[in-house]
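K.L.:
Here it is, the structure in full.
Protein chains: 2
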Amino acid sequence: MAVAMTTPRFQVTYRITPDDARPVEAHARDICIEETVEIPEDCIPEGHWKAGIIGNVESITERPGNPPAYDCVISYRTDITNNEIPNLLNVLFGNISIRRGIKITAIQFSAEQLAAFGGPRIGIEGIRKALNVHGRPLATTAIKPLGLSAKELAVMCGGYAAGGLDAIKDDHGLIDQHFHPFEERVSRIQEAITTANVRTGKATHYYPMVAGRFDQVERQVAFAKAQGCFGVLVAPFLIGPDTGFHLARKYGLAVMTHPTFSGTHFHDPRHGMTPAILLGTLFRLFGADISVFPNAGGRFTFSLAECQDLAHACRDPFGSLRGTFPSPAGGMTIEKVGAMLETFGNDTALLIGGALLRHSPDPEVSARAFVTALEKAVKERKP
Amino acid sequence: MAVAMTTPRFQVTYRITPDDARPVEAHARDICIEETVEIPEDCIPEGHWKAGIIGNVESITERPGNPPAYDCVISYRTDITNNEIPNLLNVLFGNISIRRGIKITAIQFSAEQLAAFGGPRIGIEGIRKALNVHGRPLATTAIKPLGLSAKELAVMCGGYAAGGLDAIKDDHGLIDQHFHPFEERVSRIQEAITTANVRTGKATHYYPMVAGRFDQVERQVAFAKAQGCFGVLVAPFLIGPDTGFHLARKYGLAVMTHPTFSGTHFHDPRHGMTPAILLGTLFRLFGADISVFPNAGGRFTFSLAECQDLAHACRDPFGSLRGTFPSPAGGMTIEKVGAMLETFGNDTALLIGGALLRHSPDPEVSARAFVTALEKAVKERKP
Chain A
2 MAVAMTTPRF QVTYRITPDD ARPVEAHARD ICIEETVEIP EDCIPEGHWK AGIIGNVESI
62 TERPGNPPAY DCVISYRTDI TNNEIPNLLN VLFGNISIRR GIKITAIQFS AEQLAAFGGP
122 RIGIEGIRKA LNVHGRPLAT TAIKPLGLSA KELAVMCGGY AAGGLDAIKD DHGLIDQHFH
182 PFEERVSRIQ EAITTANVRT GKATHYYPMV AGRFDQVERQ VAFAKAQGCF GVLVAPFLIG
242 PDTGFHLARK YGLAVMTHPT FSGTHFHDPR HGMTPAILLG TLFRLFGADI SVFPNAGGRF
302 TFSLAECQDL AHACRDPFGS LRGTFPSPAG GMTIEKVGAM LETFGNDTAL LIGGALLRHS
362 PDPEVSARAF VTALEKAVKE RKP
Chain B
2 MAVAMTTPRF QVTYRITPDD ARPVEAHARD ICIEETVEIP EDCIPEGHWK AGIIGNVESI
62 TERPGNPPAY DCVISYRTDI TNNEIPNLLN VLFGNISIRR GIKITAIQFS AEQLAAFGGP
122 RIGIEGIRKA LNVHGRPLAT TAIKPLGLSA KELAVMCGGY AAGGLDAIKD DHGLIDQHFH
182 PFEERVSRIQ EAITTANVRT GKATHYYPMV AGRFDQVERQ VAFAKAQGCF GVLVAPFLIG
242 PDTGFHLARK YGLAVMTHPT FSGTHFHDPR HGMTPAILLG TLFRLFGADI SVFPNAGGRF
302 TFSLAECQDL AHACRDPFGS LRGTFPSPAG GMTIEKVGAM LETFGNDTAL LIGGALLRHS
362 PDPEVSARAF VTALEKAVKE RKP
């Protein structure tokens, strides 16, 4: 059936690992229907085929290896996604998320889509400019643990800022618990960081975690803005894929994304989305300025290749979109700074959390050790 | 280390399938720390242990089978979840979603948590009362396909209502596309259903899909309410786990949940949450009056046992919470009505979508055939 190609389309590469004996073509066809009209093939109105409303299989390429797997490129009309995040995700990987053997490994967006979603509003260059930090990765941390008082967390942040860190984020488990209520925490911490910045002449940024209920989350973002925060920490799977990006844009704040509760996409090469697609391509498209991810060699399960692919998705040319800082984290240490620099290069936001607590009881000492190690590694790397 | 049990706690059963040679106790300990304080064990303040802020391993039971797997019950302080949906999900399965070999198979909530989240506001009995339908499953459908005009969809719905269906939902892919803009679609469809209801004396309900951006979704819910819709169709993974439940409660609407984009939880017995936990226990706790899921024997991959467990989670005693209608769907047909009744019993919302389109070009005829088959199956089942 000839498909009308007059209406703009975009392309998704699904790696299909058939879980039954049917030919791969049948599996690809299932995706085309399931993600659009979702009715039996013989009930699809003739006009729908002609108008290209059903997904269209553009190519199928067998991959080497066993079990047999295939890269299937399927195109969709862009207008069925309405250029909105919930709708786009539903077309990309809605009901088919509940079928086995389908992994998204690449997406080719149209220029119109890139313009509509817009990508990072600040991006790598904007953050570097605001920090006045060039020629090296950023040194960032997460403040922990849950259950300290807001005062204690603020003292810790003041020390980290004094020690020269570029950005400090809340641990993503710090939400609005009574130990450290959101507003008290954010105002005390931003104040402590601002005080340190005045002293050092630097511009350490703070990203508080915003993860309130639907009726709380905008107030939290507005509050962060009013306190002078540079950005917010957003977990799209906790508050909704659109919510945090939308609010950060509305209030002119940078977005640092966190992958919590998204991990079932990544365990199996046959199911879900790759880390590069979900935490790289999509989060960048939606507006992440920094994308935190669990680095290889830490407490989590991403491979080195997956992490590097993710970093590429954050920084490689992507239409006219700004770049996103990849932020490897999750069990990183000061000793690993050199290796991380080798792996990810300069345009990276290195995140060391718990290991700074362990390095010294004085956060300023820990921060300085981190920044010093980083500057040393950059210097030694250059010829 | 003795844990203070004076602060209320709740219990989560994680099925752990160790992915390395460490003993299961080490894996369980990892979860306790990762989901709470998220710092190296030797950095945890003494007072945190005493206060029970870290997760506590209550029991570990080996499961029969190979590879070795263990049911580990871990308790958490309820106050670290703040009784809010984003925060609860983050404690249950936040960062550990990115670790392999962890599946949530049971959760024991405290009475305080059940009261705080509240469960369905209408529930099985409330929906039956509003419909005046007793002693048989509900007959429901989804209107499709994406790409018809709002007028065509409204004619279809008028027919389905005239034919006696109890509830009609939008296909979850009908969002706000130009083919059928949200407001035009909802007003035309509700009008067609109301007109049919006046004629039949029945009370067919309509659940429009609400999946707009953060700044659109409340307006959509309010519009559905103003048009007289009984409920809304909500996909928690598209708009955020809290969003739809919160708004439906605010506007006094029933909630039908849809599992789109959640499916990576279900592919592997080693990772994610079971369908019963995510689409049953949690969606019910959060307020689902009807939970749609892909039935065994259709286009998707749930086993019969998984579907029955899910139905139990929807309806079994759960503190004082109301029951949720389990709604098996995804490739169901009129011919399967008897078998579905046997499998799921009366308190079920049977959902037949595409097969009604195929049954007859006249939706009224299809709907009547569905309801007739259902009534016949119920009659024949009774002695």
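If you read the sequences in order, they're chains A and B. Take the first sequence: its position 231, counting from 1, is numbered 232 in this note's numbering, and each next residue is one higher. Take the second sequence: its position 189, counting from 1, is numbered 190 in this note's numbering, and each next residue is one higher. Every residue gets a Cβ at the ideal spot worked out from N, C-alpha and C, and that includes glycine. Just so it is clear, the structure is predicted and the values come from calculations on it, not from any experiment.
#1: Consult DSSP for Ile367/A and reduce its assignment to one of helix, strand or coil.
#2: For the segment 32 to 110 of chain A, list the beta strand (DSSP E) runs that are entirely contained and at least 3 residues long, ordered along the chain.
#3: Residues in the segment 62 to 96 of chain A with C-beta within 8 angstroms of chain B's C-beta atoms, listed in sequence order?
#4: Can you pull out the residues from the segment 253 to 271 of chain B whose beta carbon lies closer than 7 angstroms to at least one beta carbon of chain A?
#5: Given a limit of 9 angstroms on CB to CB distance, which residues of the segment 139 to 150 of chain B reach chain A?
#6: Using three-state DSSP, classify Ile123/A as helix, strand or coil.
#7: Taking beta-carbon pairs under 8 angstroms, can you tell me which members of the segment 288 to 300 of chain A lie near chain B?
#8: In chain B, which residues lie less than 8 angstroms from Arg214/A when you measure between Cβ atoms?
#9: Beta carbon of Phe224/A, beta carbon of Val187/A: below 8 angstroms?
#10: Along the alpha helix (DSSP H) that carries Val156/A, what are the first and last residues, could you check?
#11: List the residues that DSSP assigns as beta-bridge partners of Asp171/A.
#12: Mind checking which residues open and close the alpha helix (DSSP H) that includes Arg285/B?
#13: So what's Ile335/B in DSSP terms, helix, strand or just coil?
#14: What does Asp43/B touch in chain A if you count any residue whose Cβ is under 8 angstroms from its own?
#15: Is it the case that the Cβ atoms of Arg323/B and Gly120/B are separated by a distance below 8 angstroms?
#16: For the structure I just gave you, are there three or more beta carbon pairs, one from the segment 264 to 271 of chain B and one from the segment 221 to 235 of chain B, closer than 8 angstroms?
#17: Beta carbons nearer than 9 angstroms to chain A: which residues of the segment 157 to 178 of chain B have them?
#18: List the residues that DSSP assigns as beta-bridge partners of Pro295/A.
#19: Which of the three DSSP states is assigned to Ile353/A in this structure?
#20: Please report how far the alpha carbon of Thr62/A lies from the alpha carbon of Ile55/A, in whole angstroms.
#21: From which residue to which residue does the beta strand (DSSP E) around Gln178/A run?
#22: Find the nearest neighbour of Glu376/B within the set Gly354/B, Gly355/B, Leu342/B, judged by alpha-carbon distance.
#23: Tell me the DSSP bridge mates of Gly241/A?
#24: From Ala112/B, Gly159/B, Pro68/B, pick the residue whose C-alpha is nearest to that of Arg10/B; which is it?
#25: Compare the C-beta of Phe58/B with all C-beta atoms of chain A and state if any pair is closer than 8 angstroms.
#26: Going by beta-carbon coordinates alone, are Thr282/B and Ile108/B separated by less than 8 angstroms?
#27: According to DSSP, is Ala22/A helix, strand or coil?
#28: Which residue comes first and which comes last in the alpha helix (DSSP H) that contains Ala116/A?
#29: Whole angstroms is fine: what's the gap from Asn83/B's alpha carbon to Gly299/A's?
#30: Taking Phe11/B as part of the beta strand (DSSP E), name the residues at either end of that continuous run.
#31: So, Ala350/A versus Ser328/A, is the Cβ gap smaller than 8 angstroms?
#32: Between which two residues does the alpha helix (DSSP H) containing Val256/A stretch?
#33: Whose Cβ in chain B lies nearer than 7 angstroms to the Cβ of Val338/A?
#34: Can Phe319/A and Ile128/A be called in contact, C-beta distance under 8 angstroms?
#35: Please report the distance separating the alpha-carbon of Phe467/A from that of Glu85/A.
#36: Determine, for His49/B, whether the minimum Cβ-Cβ distance to residues of chain A falls below 8 angstroms.
P.N.:
The answer reads as follows:
#1: As a first step, residue 367/A is located in the first sequence; it is residue number 366 there, counting from the start. Checking the sequence shown, residue 367/A turns out to be Ser, not Ile. Helix at Ser367/A.
#2: For the segment 32 to 110 of chain A, whole beta strand (DSSP E) runs of length 3 or above, ordered along the chain, are 57 to 64, 70 to 78, 103 to 109.
#3: Correct list: Asp80, Ile81, Asn83, Glu85, Ile86, Pro87, Asn88, Leu90, Asn91, Val92, Phe94, Gly95, Asn96.
#4: Cβ contacts with chain A come from Pro260, Thr261, Phe262, Ser263, Gly264, Thr265, His266, Phe267, His268, Asp269.
#5: Hits within the stretch, in order: Ala143, Lys145, Pro146, Leu147, Gly148, Leu149.
#6: The residue labelled residue 123/A in the question sits at position 122 within the first sequence. Reduced to three states, the DSSP call for Ile123/A is coil.
#7: Going along the segment 288 to 300 of chain A in chain order, one finds Pro295, Arg300 with a Cβ nearer than 8 angstroms to chain B.
#8: Position 213 of the first sequence, counting from 1, holds the residue named residue 214/A. Glu85, Ile86, Pro87, Asp243, His247, listed in chain order.
#9: By 1-based counting over the first sequence, the position of residue 224/A is 223. By 1-based counting over the first sequence, the position of residue 187/A is 186. The Cβ atoms of Phe224/A and Val187/A sit closer than 8 angstroms to each other.
#10: Position 155 of the first sequence, counted from the start, is the residue given in the question as residue 156/A. Counting along the chain, Val156/A sits inside the alpha helix (DSSP H) bounded by residues 151 to 163.
#11: Residue 171/A sits at position 170 when you count from the first residue of the first sequence. Asp171/A is bridged to Ile144/A.
#12: In the second sequence, the residue the question calls residue 285/B occupies position 284. In the DSSP annotation of this structure, the continuous segment of the alpha helix (DSSP H) that includes Arg285/B starts and ends at 284 to 287.
#13: Sequence index remark: in the second sequence, residue 335/B carries index 334 (1-based). Three-state result, Ile335/B: helix.
#14: Against the second sequence, residue 43/B aligns to sequence position 42. Correct list: Arg359.
#15: For the purposes of this step, residue 323/B is taken as the residue at position 322 of the second sequence. For the purposes of this step, residue 120/B is taken as the residue at position 119 of the second sequence. In contact: Arg323/B and Gly120/B (Cβ atoms closer than 8 angstroms).
#16: Touching, no, given that fewer than three Cβ pairs across the two stretches are closer than 8 angstroms.
#17: Result list: Asp172, His173, Gly174, Ile176, Asp177, Gln178.
#18: As a first step, residue 295/A is located in the first sequence; it is residue number 294 there, counting from the start. Bridge partners of Pro295/A: Ala330/A.
#19: By one-based count along the first sequence, residue 353/A stands at place 352. Per DSSP, reduced to three states, the secondary structure at Ile353/A is coil, with no helix or strand assignment.
#20: Taking the first residue of the first sequence as 1, we reach residue 62/A at position 61. Taking the first residue of the first sequence as 1, we reach residue 55/A at position 54. Their Cα atoms are separated by approximately 21 angstroms.
#21: Here residue 178/A corresponds to residue number 177 of the first sequence, with the count starting at 1. In this chain, Gln178/A is not harboured by any beta strand (DSSP E), its DSSP state being neither H nor E.
#22: As a first step, residue 376/B is located in the second sequence; it is residue number 375 there, counting from the start. Of the candidates Gly354/B, Gly355/B, Leu342/B, Leu342/B places its Cα closest to the Cα of Glu376/B.
#23: Here residue 241/A is taken as the residue at index 240 of the first sequence, counted from 1. DSSP lists no partner for Gly241/A.
#24: In the second sequence, residue 10/B corresponds to position 9, counting from 1. Among Ala112/B, Gly159/B, Pro68/B, the Cα nearest to that of Arg10/B belongs to Ala112/B.
#25: Start at 1 with the first residue of the second sequence, and residue 58/B comes out as number 57. Correcting the residue identity first, residue 58/B is Val in this sequence and not Phe. Cβ-Cβ to chain A under 8 angstroms: no for Val58/B.
#26: The residue labelled residue 282/B in the question sits at position 281 within the second sequence. The residue labelled residue 108/B in the question sits at position 107 within the second sequence. One thing to note: Thr282/B has its Cβ within 8 angstroms of the Cβ of Ile108/B.
#27: Stepping through the first sequence from its first residue, residue 22/A is reached at position 21. Taken through DSSP and simplified to helix, strand or coil, Ala22/A comes out as coil.
#28: Start at 1 with the first residue of the first sequence, and residue 116/A comes out as number 115. Run containing Ala116/A: 112 to 118, per the alpha helix (DSSP H) assignment.
#29: Walking along the second sequence from the start, residue 83/B turns up at place 82. Walking along the first sequence from the start, residue 299/A turns up at place 298. CA-to-CA, the gap between Asn83/B and Gly299/A works out to about 29 angstroms.
#30: Here residue 11/B is taken as the residue at index 10 of the second sequence, counted from 1. Where Phe11/B is concerned, the enclosing beta strand (DSSP E) stretches over 10 to 17.
#31: The residue you call residue 350/A lines up with position 349 of the first sequence. The residue you call residue 328/A lines up with position 327 of the first sequence. Yes, Cβ-Cβ distance for Ala350/A and Ser328/A is below 8 angstroms.
#32: Residue 256/A sits at position 255 when you count from the first residue of the first sequence. For Val256/A, there is no enclosing alpha helix (DSSP H); the enclosing beta strand (DSSP E) has its first and last residue at 255 to 258.
#33: In the first sequence, counting from the first residue as 1, residue 338/A sits at position 337. In chain order: nothing, as chain B lies at least about 17 angstroms away.
#34: Along the first sequence, read from residue 1 onward, the residue named residue 319/A stands at position 318. Along the first sequence, read from residue 1 onward, the residue named residue 128/A stands at position 127. Contact flag unset, no.
#35: Residue 467/A is absent from the structure shown; chain A starts at 2 and stops at 384.
#36: What you label residue 49/B is simply residue 48 of the second sequence in a count that begins at 1. Taking CB atoms only, His49/B has a neighbour in chain A less than 8 angstroms away.
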